[in-house]
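Undergrad:
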Amino acid sequence: MSRWFNAHPIAIFLPLYILVVVCAECAVRYAWSGYKSPDQQNVIPDTRFHHGYRPDIAFTTHPSPGDHFAPAHNSINKLGMRGPVPGEKVGTRVLLLGDSFVQADEVDFALTFSQLLNRHFAPQIEFVSHGMVSWSPTPEFSWLYHQGLSLHPDEVVLFLCSNDFYRVSAFHQTDAAYRQQAIYRNGIPISYRLAAPSPWKQTLRHSGLIQLLRTSYSELSLRWRRTQPSSLPTIRDEIVHLAQPPEKWPPELYDNVRATLDVVASIHAYLKENQVEMHLALVPLPFAWPDETPIGKQHPLYGWPGDFSVSQTGIEGHTRAFARRQDINWIDLQSAFDRHKERTNDRLFNRADGHWNAAGHRVVSNALRTHFSGGDAR
Numbered sequence: 005m006s007r008w009f010n011a012h013p014i015a016i017f018l019p020l021y022i023l024v025v026v027c028a029e030c031a032v033r034y035a036w037s038g039y040k041s042p043d044q045q046n047v048i049p050d051t052r053f054h055h056g057y058r059p060d061i062a063f064t065t066h067p068s069p070g071d072h073f074a075p076a077h078n079s080i081n082k083l084g085m086r087g088p089v090p091g092e093k094v095g096t097r098v099l100l101l102g103d104s105f106v107q108a109d110e111v112d113f114a115l116t117f118s119q120l121l122n123r124h125f126a127p128q129i130e131f132v133s134h135g136m137v138s139w140s141p142t143p144e145f146s147w148l149y150h151q152g153l154s155l156h157p158d159e160v161v162l163f164l165c166s167n168d169f170y171r172v173s174a175f176h177q178t179d180a181a182y183r184q185q186a187i188y189r190n191g192i193p194i195s196y197r198l199a200a201p202s203p204w205k206q207t208l209r210h211s212g213l214i215q216l217l218r219t220s221y222s223e224l225s226l227r228w229r230r231t232q233p234s235s236l237p238t239i240r241d242e243i244v245h246l247a248q249p250p251e252k253w254p255p256e257l258y259d260n261v262r263a264t265l266d267v268v269a270s271i272h273a274y275l276k277e278n279q280v281e282m283h284l285a286l287v288p289l290p291f292a293w294p295d296e297t298p299i300g301k302q303h304p305l306y307g308w309p310g311d312f313s314v315s316q317t318g319i320e321g322h323t324r325a326f327a328r329r330q331d332i333n334w335i336d337l338q339s340a341f342d343r344h345k346e347r348t349n350d351r352l353f354n355r356a357d358g359h360w361n362a363a364g365h366r367v368v369s370n371a372l373r374t375h376f377s378g379g380d381a382r
């Protein structure tokens with residue numbers, strides 16, 4: 005028998021190896037909160053607007069380590085939007101459109117700024133919101149074309165975020181990346197070139213071990229790259245650049261900001277053709293205040309001290325001037341956050357993930373209440 009074992013070691017060790025791998029896979033799926041089967045993913049590729057919610061699902065968003073918000077229930081309707089399907093229009097309908105700050109899956113739906121606005125203005129004005137993680141003007145334009153205008157909005161508020169303007173060499177989900185993938189018809193991004201994964205990759209995507217290894221590798225890689233000299237911009241570089249006046253931006257970044265605002269101008273023209281009024285806002289970020297998001301600032305993406313602060317004065321002034329030239333209504337959210345921070349000790353952002361918390365949504369709601377009540381300059 006021992007001779008046979010010596011002659012056939014694979015026959016002994018291969019089953020043991022498979023058993024160890026299977027046990028490790030089961031342990032990861034059971035113990036690691038980050039595991040998610042592709043069949044259960046809430047956000048899926050969509051060639052119409054790059055990616056969006058899987059329709060007719062419900063899920064709960066739990067706080068990241070270091071955050072303390074209550075688990076938030078999310079119900080996604082058949083249109084891939086959070087909340088109920090909008091009914092027949094009664095009064096003025098305002099569509100609120102943006103990225104994960106508008107998506108707000110960490111906040112109970114009733115506490116989001118859109119619902120706070122509805123409770124104040126109904127039935128004269130109805131607010132319908134749709135946000136999606138890592139969207140920017142190009143996929144938002146696509147969504148308006150395929151779905152948004154079918155909701156018959158009278159007005160649209162487009163929420164810009166500073167990461168919309170990053171160079172693709174710094175961030176893989178910036179607007180520059182979406183523009184490269186978009187297929188245009190008459191200047192409108194009507195679809196996207198999305199590579200279909202091979203059957204082998206599709207199978208590996210179900211593995212908890214592979215997901216854990218990829219996550220660990222990404223975090224270690226981020227930490228390592230921060231210590232290495234590089235000519236490529238990083239996300240934190242872009243944040244610092246965009247705090248400066250436009251004349252101090254690197255030429256490539258300036259050109260990219262201009263190209264992204266060209267998309268916003270195209271959205272404005274498209275809405276105007278369809279008799280829809282447009283408003284523009286820039287999302288306030290937690291980096292502007294030393295007491296906000298102390299855990300998130302220390303993430304390897306940034307590597308800043310927890311009390312670090314940097315404004316977005318440069319990009320805010322630039323986009324505001326753009327809105328003025330385009331005759332687009334501007335909603336000043338940054339000043340609303342500044343005033344609230346000066347008067348109170350409230351924390352308006354989650355400590356780790358950096359999105360608006362329920363208090364932040366109240367500030368946004370109050371700013372939009374003022375704007376749509378006629379108290380803000382348009």
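Residue numbering for the sequence shown follows my numbering, starting at 5 and increasing by one per position. Cβ atoms here follow ideal geometry from the backbone N, Cα and C, with glycine treated the same way.
Closest by CA to residue 103, which one among 195, 247, 239, 144?
TA: Against the sequence shown, residue 103 aligns to sequence position 99. It is 144 whose Cα lies nearest to the Cα of residue 103.
Undergrad: Helix, strand or coil: which one does DSSP assign to residue 360?
TA: As a first step, residue 360 is located in the sequence shown; it is residue number 356 there, counting from the start. Of the three classes helix, strand and coil, the one that applies to residue 360 here is strand, per DSSP.
Undergrad: With DSSP as the reference, label residue 257 as helix, strand or coil.
TA: Sequence index remark: in the sequence shown, residue 257 carries index 253 (1-based). Three-state DSSP puts residue 257 in a helix.
Undergrad: Let me know the beta strand (DSSP E) ranges lying completely inside the region 278-350, each 3 residues or longer, listed in chain order.
TA: Taking only runs of at least 3 residues, the beta strand (DSSP E) segments lying wholly in the region 278-350 are 281-286, 333-335.
Undergrad: Identify, in the order they occur along the chain, each residue of the same chain with its Cβ nearer than 6 Å to the Cβ of residue 381, setting aside the five sequence neighbours on each side.
TA: By 1-based counting over the sequence shown, the position of residue 381 is 377. Any reading at residue 381 must be qualified, since the residue scores a pLDDT of 39, below 50, and its modelled position is unreliable; no value is offered.
Undergrad: For residue 304 and residue 239, I'd like the C-alpha separation in whole angstroms.
TA: Taking the sequence shown and counting its residues from 1, one reaches residue 304 at position 300. Taking the sequence shown and counting its residues from 1, one reaches residue 239 at position 235. So the two alpha carbons sit approximately 11 Å from each other.
Undergrad: Contact between the region 121-128 and the region 149-162: three or more CB pairs below 8 Å?
TA: Contact between the region 121-128 and the region 149-162 is absent, because fewer than three Cβ pairs lie under 8 Å.
Undergrad: In the structure shown, what three-state DSSP assignment does residue 161 receive?
TA: On the sequence shown, position 157 is the one that residue 161 refers to. Three-state result, residue 161: strand.
Undergrad: Measuring CB to CB, does residue 118 end up less than 8 Å from residue 101?
TA: As a working mapping, residue 118 is identified with position 114 in the sequence shown. As a working mapping, residue 101 is identified with position 97 in the sequence shown. Against a cut-off of 8 Å, the Cβ pair of residue 101 and residue 118 comes out as no contact.
Undergrad: Helix, strand or coil for residue 79? Go by DSSP, reduced to three states.
TA: Along the sequence shown, one-based indexing puts residue 79 at 75. DSSP places residue 79 in strand when its eight states are reduced to three.
Undergrad: To which residues of the same chain is residue 275 closer than 7 Å at the C-beta, ignoring the five residues directly before and after it?
TA: Against the sequence shown, residue 275 aligns to sequence position 271. Result list for residue 275: 160, 282, in chain order.
Undergrad: Buried or exposed: residue 56, going by 16 or more other Cβ atoms within 10 Å of its Cβ?
TA: Sequence index remark: in the sequence shown, residue 56 carries index 52 (1-based). So residue 56 counts as buried.
Undergrad: Determine the direct distance from the alpha carbon of residue 95 to that of residue 256, and round the result to whole angstroms.
TA: Taking the first residue of the sequence shown as position 1, residue 256 is located at position 252. Taking the first residue of the sequence shown as position 1, residue 95 is located at position 91. Distance between the alpha carbons of residue 256 and residue 95: 45 Å.
Undergrad: Helix or strand or just coil, what does DSSP make of residue 152?
TA: Residue numbering aside, residue 152 sits at position 148 when the sequence shown is read from its first letter. In this structure, residue 152 counts as helix in the three-state DSSP scheme.
Undergrad: Which partner residues does residue 353 have in the DSSP bridge list?
TA: Counting from 1 along the sequence shown, the entry for residue 353 is found at position 349. According to DSSP, residue 353 bridges with 360.
Undergrad: List the residues that DSSP assigns as beta-bridge partners of residue 132.
TA: Residue mapping note: residue 132 aligns to position 128 of the sequence shown, counting from 1. DSSP, once it has assigned bridges, lists 99 as partnering residue 132.
Undergrad: Can you round the beta-carbon distance between residue 340 and residue 361 to whole angstroms, since I take them to be within the 8 Å contact cut?
TA: As a first step, residue 340 is located in the sequence shown; it is residue number 336 there, counting from the start. As a first step, residue 361 is located in the sequence shown; it is residue number 357 there, counting from the start. Incorrect: roughly 15 Å between the Cβ atoms, too far for contact.
Undergrad: What three-state label does DSSP hand residue 62 in the structure shown?
TA: The residue given as residue 62 occupies position 58 in the sequence shown. In the structure shown, residue 62 sits in a strand (DSSP, three-state: E or B).
Undergrad: With 16 other CB atoms within 10 Å as the buried threshold, where does residue 365 fall?
TA: Here residue 365 refers to the residue found at position 361 of the sequence shown. Buried is the call here.
Undergrad: On the three-state DSSP scale, how would you describe residue 241?
TA: By 1-based counting over the sequence shown, the position of residue 241 is 237. Helix, per DSSP.
Undergrad: Ordered along the chain, which non-local residues of its own chain (more than five positions away) have a Cβ less than 8 Å from that of residue 280?
TA: Translated into the one-based positions of the sequence shown, residue 280 becomes position 276. Taken in chain order, the residues that qualify are 153, 157, 158, 159, 160.
Undergrad: State whether the region 103-114 contacts the region 58-77, with contact taken as three or more CB pairs (one from each stretch) at a distance under 8 Å.
TA: Touching, yes, given that three or more Cβ pairs across the two stretches are closer than 8 Å.
Undergrad: Spell out a yes or no on whether the region 185-195 and the region 308-319 are touching, meaning 3 or more CB-CB pairs, one atom from each, closer than 8 Å.
TA: Contact fails: fewer than three Cβ-Cβ distances are below 8 Å.
Undergrad: Please confirm whether residue 337 and residue 285 have their CB atoms less than 8 Å apart.
TA: Taking the sequence shown and counting its residues from 1, the one referred to as residue 337 is at position 333. Taking the sequence shown and counting its residues from 1, the one referred to as residue 285 is at position 281. Contact: yes.
Undergrad: With DSSP as the reference, please indicate the residues paired to residue 196 in a beta bridge.
TA: One-based indexing of the sequence shown puts residue 196 at position 192. 186.
Undergrad: By Cβ distance, which residues of its chain are closer than 7 Å to residue 260, with the 5 residues on each side in sequence left out?
TA: The residue you call residue 260 lines up with position 256 of the sequence shown. For residue 260, where only same-chain residues beyond five positions count, the Cβ hits under 7 Å are 169, 171, 180.
Undergrad: For residue 287, which residues from the same chain have a beta carbon less than 8 Å from its beta carbon, with the 5 sequence-adjacent residues on both sides left out?
TA: The residue labelled residue 287 in the question sits at position 283 within the sequence shown. Around residue 287: 102, 103, 105, 163, 164, 165, 166, 337.
Undergrad: Residue 143 by DSSP, collapsed to three states: which one?
TA: Counted from its first residue, the sequence shown places residue 143 at position 139. The answer is helix: DSSP assigns residue 143 an H, G or I state.
Undergrad: What residue from 277, 90, 86 has the CA that sits closest to residue 61's CA?
TA: As a working mapping, residue 61 is identified with position 57 in the sequence shown. Of 277, 90, 86, the residue nearest in Cα terms is 86.
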